[in-house]
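See structure below.
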Amino acid sequence: MMRVDYDVIVVGGGHAGCEAAAAAARMGSKVLLISMNMQTIAQMSCNPAMGGVAKGQIVREIDALGGYSGIVSDRTAIQFRMLNRSKGPAMWSPRTQNDRMMFAALWRQMLEETEGVHFWQDAVVELLLADSGTRVEGVRTAMGTHFLARAVVLTTGTFLNGLMHVGEKQQRGGRSGEHASYGISEQLMALGFTTGRMKTGTPPRIDGRSLNYSKMEEQRGDEHPGKFSFTDTRPLERQRSCWITYTNEAVHDLLRTGFDRSPMYNGSIKGLGPRYCPSIEDKINRFAERDRHQIFVEPEGWNTVEMYINGFSTSLPQEVQYAALRKIPGFEQARMFRPGYAIEYDYFPPTQLRPSLETKNVEGLFFAGQINGTTGYEEAACQGLLAGANANLAINDRQSLVLSRSEAYIGVLIDDLINKGTDEPYRMFTSRAEHRILLRQDNADIRLSEIAFRNGLIGEDRHTRVEQKVRNVESITKFLRQKTAEPKEVNPVLIDHEEAPINQKVKWGSILLRPGIGIRELSAASGHLSSFLVDFPEEDAEQAEIQWKYRSYIEREEEQARRMSNLDHIYLKPDFNFQTIRALSHEGREKLSAMRPESLGQASRLSGVSPADISILMVYLNKGAEWKH
Ligand SMILES: Cc1cc2nc3c(=O)[nH]c(=O)nc-3n(C[C@H](O)[C@H](O)[C@H](O)COP(=O)(O)OP(=O)(O)OC[C@H]3O[C@@H](n4cnc5c(N)ncnc54)[C@H](O)[C@@H]3O)c2cc1C
Numbered sequence: 068m069m070r071v072d073y074d075v076i077v078v079g080g081g082h083a084g085c086e087a088a089a090a091a092a093r094m095g096s097k098v099l100l101i102s103m104n105m106q107t108i109a110q111m112s113c114n115p116a117m118g119g120v121a122k123g124q125i126v127r128e129i130d131a132l133g134g135y136s137g138i139v140s141d142r143t144a145i146q147f148r149m150l151n152r153s154k155g156p157a158m159w160s161p162r163t164q165n166d167r168m169m170f171a172a173l174w175r176q177m178l179e180e181t182e183g184v185h186f187w188q189d190a191v192v193e194l195l196l197a198d199s200g201t202r203v204e205g206v207r208t209a210m211g212t213h214f215l216a217r218a219v220v221l222t223t224g225t226f227l228n229g230l231m232h233v234g235e236k237q238q239r240g241g242r243s244g245e246h247a248s249y250g251i252s253e254q255l256m257a258l259g260f261t262t263g264r265m266k267t268g269t270p271p272r273i274d275g276r277s278l279n280y281s282k283m284e285e286q287r288g289d290e291h292p293g294k295f296s297f298t299d300t301r302p303l304e305r306q307r308s309c310w311i312t313y314t315n316e317a318v319h320d321l322l323r324t325g326f327d328r329s330p331m332y333n334g335s336i337k338g339l340g341p342r343y344c345p346s347i348e349d350k351i352n353r354f355a356e357r358d359r360h361q362i363f364v365e366p367e368g369w370n371t372v373e374m375y376i377n378g379f380s381t382s383l384p385q386e387v388q389y390a391a392l393r394k395i396p397g398f399e400q401a402r403m404f405r406p407g408y409a410i411e412y413d414y415f416p417p418t419q420l421r422p423s424l425e426t427k428n429v430e431g432l433f434f435a436g437q438i439n440g441t442t443g444y445e446e447a448a449c450q451g452l453l454a455g456a457n458a459n460l461a462i463n464d465r466q467s468l469v470l471s472r473s474e475a476y477i478g479v480l481i482d483d484l485i486n487k488g489t490d491e492p493y494r495m496f497t498s499r500a501e502h503r504i505l506l507r508q509d510n511a512d513i514r515l516s517e518i519a520f521r522n523g524l525i526g527e528d529r530h531t532r533v534e535q536k537v538r539n540v541e542s543i544t545k546f547l548r549q550k551t552a553e554p555k556e557v558n559p560v561l562i563d564h565e566e567a568p569i570n571q572k573v574k575w576g577s578i579l580l581r582p583g584i585g586i587r588e589l590s591a592a593s594g595h596l597s598s599f600l601v602d603f604p605e606e607d608a609e610q611a612e613i614q615w616k617y618r619s620y621i622e623r624e625e626e627q628a629r630r631m632s633n634l635d636h637i638y639l640k641p642d643f644n645f646q647t648i649r650a651l652s653h654e655g656r657e658k659l660s661a662m663r664p665e666s667l668g669q670a671s672r673l674s675g676v677s678p679a680d681i682s683i684l685m686v687y688l689n690k691g692a693e694w695k696h
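For the sequence shown, this note's numbering begins at 68 and goes up steadily by one.
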């Protein structure tokens with residue numbers, strides 16, 4: 068029994084665990100990352116892709132906070148697309164297709180290069196506790212080794228009591244080919260934690276050499292690919308295409324023949340699956356009126372023939388999967404690498420957490436990732452980053468890092484989880500954020516660098532660069548506001564866009580407010596503008612353009628966010644006794660007592676707590692003046 072001391076132990080080397088270890092170490096902690104299998108660190112269990120709608124914004128935020136997910140994604144990407152380009156900038160969402168093996172290898176390399184991160188391959192089976200089980204002081208592994216630490220971050224993903232299903236076949240495991248994890252759930256339940264079961268699934272993988280791409284539509288990457296990271300990663304110079312095809316009635320009929328042996332329908336699977344990422348059997352059941360569903364055929368990497376069949380997640384019997392696949396155009400000769408499967412696992416309702424992701428019951432114990440009922444790499448990674456950072460801050464007696472709903476999607480995600488909980492796998496959508504015009508992918512660095520720097524998550528060089536960017540944007544905005552354009556400079560662009568030409572000098576800013584007119588195009592047409600912009604990075608000019616074009620919406624949203632955030636700064640003592648305030652509604656009193664919110668803002672977002680309850684609390688706290696500001 069070896070007893071080695073660390074500041075922070077991170078249990079699990081998935082997306083949450085990797086970001087947690089990296090964040091705590093960057094902030095100066097001595098970290099031990101314990102994972103069951105060192106070969107599967109940062110494994111992409113499902114889709115070899117990062118980002119997408121709302122998730123891409125999260126990756127940009129992780130990057131702005133110094134996390135590694137964006138850098139790893141950029142450096143291992145095989146395709147880049149900015150989704151929703153035709154919509155407003157609040158909806159633009161970067162997405163990469165990645166080389167699965169390179170992604171995991173680079174993550175491991177970056178962790179190995181991070182000072183302060185140590186590794187141990189083993190399964191954690193028990194938490195070591197002190198003070199009658201109210202404080203964590205380390206972990207015990209399956210091999211009987213004890214490691215001590217002042218904080219432990221649990222990021223066990225889909226592994227706790229994991230049970231995989233393919234048709235009627237069941238197998239214990241945390242992911243295909245890997246053992247499940249036992250002991251931790253049972254110990255936590257004995258400590259009074261509540262737990263639940265969730266389910267997720269993955270599609271079959273196909274040998275790309277057996278597909279007929281002439282029957283599919285090609286989906287190329289962007290002509291001018293962007294990237295996730297605000298660091299000096301480079302956009303892709305070559306890309307691999309994905310392919311689109313569709314299911315049909317013959318596919319659906321074949322799939323239906325397996326329904327009586329489907330673990331989804333014969334009662335074997337008890338856990339709730341992700342509603343927004345349904346299996347193919349779910350889709351043909353729920354949307355019975357649709358005669359086809361889209362299938363994306365996505366390469367798993369640069370140098371592999373393996374293809375990920377996005378949209379065909381299933382846990383039907385293997386032979387049913389096979390037969391149905393072969394009815395899809397282009398798949399007539401398809402050979403399978405492995406079948407799709409579903410997995411059920413334990414999660415812990417996240418209402419048991421503080422805003423820092425520390426558990427309310429056990430001091431020093433943090434949860435992050437799929438264990439909190441979320442789904443997705445990005446959702447897991449951002450929680451890991453915050454939990455790792457907060458573990459470091461907690462052991463150094465520093466104030467927790469909590470992002471507000473108007474500062475980051477990460478703030479929305481954590482706030483939703485801890486206040487509303489979730490009974491189905493939670494994934495991020497832009498619609499979950501009330502201030503999405505502020506939470507754009509393009510300004511994540513401007514929003515978060517100061518916070519990251521203050522907390523030791525990024526160094527001075529990155530912070531200085533962002534400060535310079537902000538100054539550049541101000542200079543460009545000043546130019547737009549003050550300088551005028553000549554008709555001959557801008558009329559060709561305006562006419563091109565079927566906009567009325569100008570017949571006298573007009574401020575550049577007012578030209579730019581016209582729909583469809585972009586700064587890049589204007590600059591290409593005008594020597595005057597291009598010679599001014601030549602001193603600024605293209606990205607800064609684009610930022611100035613977005614801020615200028617959307618400034619009235621942005622200002623309105625900022626004002627609203629300011630008003631709402633006032634409540635977040637009225638703190639409630641941990642031992643505040645809501646039961647003594649008889650004027651509160653019965654439900655409000657019960658909810659507040661059970662959830663123990665840390666601020667009036669958090670209290671106001673709990674379901675069952677009414678605006679009237681909040682007014683009563685405000686009177687009680689005698690904080691009316693603060694609220695009115
Ligand atoms: C079959 C399947 C299908 C999925 N489908 C989708 C999908 O369609 N869409 C989607 O967004 N997401 C999907 N996911 C989820 C996605 O993989 C996760 O959201 C994401 O990987 C969660 O990251 P995590 O860090 O929380 O956990 P994981 O990536 O699961 O990592 C957990 C890590 O913890 C380690 N570990 C577990 N227990 C212990 C222990 N006791 N001791 C030591 N180490 C331990 C494991 O070895 C692993 O490294 C799927 C996952 C699976 C398995």
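Cβ coordinates follow ideal geometry from the N, Cα and C atoms, glycine included.
If you're wondering where the values come from, they're calculated on a predicted model, not measured in any experiment.
Any heavy atom of ligand 1 inside 6 Å of the beta-carbon of residue 437?
Yes, the Cβ of residue 437 comes within 6 Å of a heavy atom of ligand 1.
Going by CA-CA distance only, name the one from 434, 151, 210 and 121 that's closest to residue 10.
Residue 10 cannot be examined here, being either before or after the span of the chain that is shown, 68 to 696.
Is it true that the segment 81-95 meets the segment 445-462, where meeting means three or more beta-carbon pairs spaced less than 8 Å apart?
Counting Cβ pairs under 8 Å, three or more are found: they touch.
Counting along the chain, where does the alpha helix (DSSP H) carrying residue 355 start and finish?
No alpha helix (DSSP H) holds residue 355; DSSP gives it neither H nor E.
Specify the secondary structure class of residue 375 as computed by DSSP and reduced to three states.
Here DSSP, grouped into helix, strand and coil, assigns residue 375 to strand.
With 16 as the cutoff for other CB atoms within 10 Å, does residue 153 come out buried or exposed?
Looking at its Cβ environment, which holds fewer than 16 other Cβ atoms inside 10 Å, residue 153 is exposed.
If you reduce the DSSP assignment to three classes, tell me which class residue 165 lands in.
Of the three classes helix, strand and coil, the one that applies to residue 165 here is strand, per DSSP.
Could you spell out where the beta strand (DSSP E) holding residue 519 opens and where it closes?
Counted as a single uninterrupted DSSP element, the stretch harbouring residue 519 is not any beta strand (DSSP E) but the alpha helix (DSSP H) occupying residues 511-521.
Name the two residues that bound the continuous beta strand (DSSP E) containing residue 102.
Element bounds for residue 102: 98-102.
Residue interval of the alpha helix (DSSP H) (run including residue 85)
Boundaries of the alpha helix (DSSP H) around residue 85: 82-93.
Use the C-beta contact count for residue 444: other C-beta atoms within 10 angstroms, 16 or more gives buried, fewer gives exposed.
A residue is called buried when at least 16 other Cβ atoms come within 10 angstroms of its Cβ; residue 444 meets this threshold and is buried.
Indicate the three-state DSSP secondary structure (helix, strand or coil) for residue 172 in the structure shown.
Annotated three-state conformation of residue 172 is helix, per DSSP.
Here's the rule I'm using: 16 or more other beta-carbon atoms within 10 Å means buried, otherwise exposed. How should residue 466 be labelled?
By the 10 Å Cβ count, residue 466 comes out exposed.
Suppose the cutoff is 8 Å on Cβ atoms and the five residues either side in sequence are ignored; what does the same chain contact list for residue 174 look like?
Within the same chain, 85, 108, 109, 135 and 139 come within 8 Å of residue 174 by CB-CB distance, once the 5 residues on both sides are set aside.
Report buried or exposed for residue 562, applying the criterion of at least 16 other Cβ atoms within 10 angstroms of its Cβ.
The residue is exposed, with fewer than 16 neighbouring Cβ atoms inside 10 Å.
Limits of the beta strand (DSSP E) - the one that residue 686 falls within
Here residue 686 belongs to no beta strand (DSSP E); instead the alpha helix (DSSP H) covers 678-688.
Reduced DSSP secondary structure (H/G/I, E/B, other) of residue 437:
Residue 437 falls in the helix class under three-state DSSP.
Evaluate the contact criterion for the segment 577-595 versus the segment 553-561: three or more CB pairs, one atom per stretch, below 8 Å.
Counting C-beta pairs closer than 8 Å gives three or more between the segment 577-595 and the segment 553-561, which meets the contact rule.
Proximal residues to residue 102 (C-beta, below 7 Å), its chain only, five neighbours per side dropped:
Within the same chain, and ignoring the five residues on either side of residue 102 in sequence, the residues whose Cβ sits closer than 7 Å to its Cβ are 79, 80, 84, 108 and 188.
Which value, in whole angstroms, describes the spacing of the CA atoms of residue 427 and residue 167?
Between the C-alpha atoms of residue 427 and residue 167 there is a straight-line separation of about 36 Å.
Between residue 551 and ligand 1, is there a pair consisting of the residue's CB and a ligand heavy atom that are separated by less than 6 Å?
Outside the cutoff, so no.
Report back the beta-carbon spacing between residue 583 and residue 416 to the nearest angstrom; my notes put them in contact at under 8 Å.
So it is not a contact: roughly 47 Å between Cβ atoms.
Taking the beta strand (DSSP E) that residue 555 falls in, what are its first and last residues?
Note, residue 555: premise wrong, no beta strand (DSSP E); alpha helix (DSSP H) at 554-563.
Can you give, in chain order, each stretch of the alpha helix (DSSP H) that sits fully within the segment 293-377 and has at least 4 residues?
Within the segment 293-377, the runs of alpha helix (DSSP H) that reach at least 4 residues and sit entirely inside it are, in chain order, 316-323 and 347-353.
Any heavy atom of ligand 1 inside 6 Å of the beta-carbon of residue 102?
Checking the Cβ of residue 102 against ligand 1 gives yes.
What did DSSP end up calling residue 78 once you bin it into helix, strand or coil?
Here residue 78 sits in strand by DSSP.
Report back the beta-carbon spacing between residue 697 and residue 328 to the nearest angstrom; my notes put them in contact at under 8 Å.
Since the first and last residues shown for the chain are 68 and 696, residue 697 lies out of range.
With H, G and I counted as helix, E and B as strand and the rest as coil, what does DSSP make of residue 211?
Coil.
Could you give the distance in angstroms between the alpha-carbon of residue 111 and the alpha-carbon of residue 504?
Straight-line Cα distance between these residues: approximately 30 Å.
For residue 635, write down the residues that DSSP places opposite it in a beta bridge.
DSSP, once it has assigned bridges, lists no residue as partnering residue 635.
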